[in-house]
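Residue numbers (this note's numbering): 32 to 484.
Okay, here's the thing in structure tokens:
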């Protein structure tokens, strides 16, 4: 029985590693919406790494500082459950020793993102950064009582990581043979309301005529995405649809600590080379979170394209969920989970990666239909992906908030360094299987050593 069953409300601390303010990228949006939905049944504190002007009912927004660990530690000590992700465990080592229940958010497969992010660095630097990311991922895998990820495809990937770190074990399996009580899917959801139109471009901005057909790249221009194919196809698009306008959001991340991505510069250069920058192609740094829905309502197509690579297979593009929520027809490259949704539900077009002709044809085909004719196709997705549905596994865990069955024994044997050492393995065998089994294994290893040439 959980100690919270007789308590009024468990206290959840969500630690955001990204800006939560009027301008936000995907991680900040995710944590804000998780906090909003869970605050119906939990006391929720959202810890954020920078100042904010937001005021959110029923949620405490509290600033922490990377260089002042105590600023976060006092928040952790006052909660029952803490949700962490990514590099938090490196920045704040006290998390390794906390006795609080720990939820680890694996929504962002940063070990795969980093392969692209650091691609232009010397190979030695790439290897060093990759080793660091792998070490941190392994630490997260050993630390959590409960893990959440973005999709069932991601879950398969992360189960492999958990298995390699000893978390797929008899204790956890005996509790739940499906392992859903150890790792479950909590992706991105839709707001439980309709988007609110508020025209800001068509017939208002001098570059957008009254009959403009707006193609929206509704998020960051990251190095692992492919806006270049879209711009290469653009001359074909405007040859058939002269009133078409292409809008890029996100030339610069709202978090000032995130350096500019080279792709943002490349795509602006290409748009200028074809003579369409600030004519039919427009770039914006970022827009406030609450205003993004106005553009979603005003646009005719939402686009996200990517080259074929491993990060794509396991990612979920937050912007595509925005498009689906706003009933905005989607143009997406094949290869990720959202492209399968687009094909299955008929809410847009999925095209082969890097195919300029296919992109131009898909845009023309989508623009042939009135936007309103797509509306009902979105309904099944909107029902299954509402935030109240998406958050259910996390809500259920927080209301019980138990340690993982192997958590106590792990706290005894997990070394303070990230990598498990031989001594840690020896202690683990001794504690879990006894001295006789330990001696037998030592003897076996010794005999194997003698037998080697």
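Virtual Cβ for every residue (Gly too), placed ideally from N, Cα, C. If you're wondering where the values come from, they're calculated on a predicted model, not measured in any experiment.
query                                                                                                                                                                           : result
Counting Cβ pairs, one atom from each stretch, are 3 or more of them under 8 angstroms apart for the region 384-394 and the region 185-193?                                     : no
Under the three-state reduction of DSSP, which class applies to residue 147: helix, strand or coil?                                                                             : helix
Do the CB positions of residue 293 and residue 387 come within less than 8 angstroms of each other?                                                                             : no
Output needed for residue 418: all residues of its chain with C-beta closer than 7 angstroms, excluding positions within five of it in sequence on either side, in chain order. : 64, 68, 220, 221, 222 and 223
For residue 345, which residues of its own chain have a beta-carbon under 7 angstroms away from its beta-carbon, when the five flanking residues on both sides are left out?    : 140, 143, 184, 185 and 188
Would you identify the three-state DSSP class for residue 87, choosing helix, strand or coil?                                                                                   : coil
Using a Cβ-Cβ cutoff of less than 6 angstroms, which residues in the same chain neighbour residue 192 once the five nearest sequence positions on both sides are dropped?       : 172
I'd like to know whether the C-beta atoms of residue 51 and residue 85 end up nearer to each other than 8 angstroms.                                                            : yes
Could you check if residue 368 is buried or exposed, using at least 16 other CB atoms within 10 Å of its CB as the buried criterion?                                            : buried
Using a Cβ distance threshold of 8 angstroms, determine whether the region 297-313 contacts the region 349-362, with at least three qualifying pairs required.                  : no
Name the DSSP beta bridge partners of residue 116, please?                                                                                                                      : 136
Please name the residue, chosen from 73, 47 and 44, that lies closest to residue 26 on a Cα-to-Cα basis.                                                                        : One cannot answer for residue 26 here, as it falls past the ends of the chain, which runs 32 to 484.
For residue 379, which beta-bridge partners are listed by DSSP?                                                                                                                 : 361
What separation, rounded to the nearest whole angstrom, lies between the Cα atoms of residue 258 and residue 109?                                                               : 45 angstroms
For residue 180, which of helix, strand or coil comes out of DSSP?                                                                                                              : strand
Which whole-angstrom value describes the C-beta separation of residue 277 and residue 250, a residue pair presumed to lie in contact below a C-beta threshold of 8 angstroms?   : Not a contact, Cβ separation roughly 14 angstroms.
Short of 8 angstroms in beta carbon distance, which residues of its chain neighbour residue 55, apart from the five on each side in sequence? Order them along the chain.       : 49, 63, 285 and 320
Taking residue 131 as the reference, give the member of 407, 43, 414 and 121 with the closest Cα.                                                                               : 43
DSSP three-state label for residue 77, please.                                                                                                                                  : strand
In whole angstroms, give me the CA-to-CA distance for residue 402 and residue 245.                                                                                              : 11 angstroms
Report the start-end ranges of each alpha helix (DSSP H) in the region 187-252 that is 4 residues or longer and not cut off at the edges.                                       : 201-206
For the pair the region 332-340 and the region 377-384, tell me if three or more CB-CB distances fall below 8 angstroms.                                                        : yes
Short check: CB of residue 275 to CB of residue 311, under 8 angstroms?                                                                                                         : yes
State buried or exposed for residue 406, treating a residue as buried only when at least 16 other CB atoms are found within 10 Å of its CB.                                     : exposed
How would you write the range of the alpha helix (DSSP H) that residue 355 sits in, first residue to last?                                                                      : 349-356
By Cβ distance below 7 angstroms, which residues in the same chain neighbour residue 343 in space, the five residues on each side in sequence not counted?                      : 337, 366 and 367
Please list the terminal residues of the continuous alpha helix (DSSP H) segment that includes residue 389.                                                                     : 387-399
Which of the three DSSP states, helix, strand or coil, is assigned to residue 123?                                                                                              : coil
For residue 156, count neighbouring Cβ atoms within 10 angstroms of its own Cβ and tell me buried if that reaches 16, exposed if not.                                           : exposed
In the DSSP assignment, what residue or residues form a beta bridge with residue 308?                                                                                           : 312
Out of curiosity, what's the CA-to-CA distance linking residue 240 and residue 87?                                                                                              : 37 angstroms
For residue 334, name the three-state secondary structure that DSSP assigns.                                                                                                    : strand
Got a sec? Which residues, its chain only, sit under 6 angstroms from residue 268 by beta carbon, not counting five neighbours each side?                                       : 275, 391 and 394
Considering Cα atoms alone, identify which of 165, 329, 103 and 352 is closest to residue 234.                                                                                  : 329
State the DSSP-derived secondary structure class of residue 44, mapped to helix, strand or coil.                                                                                : strand
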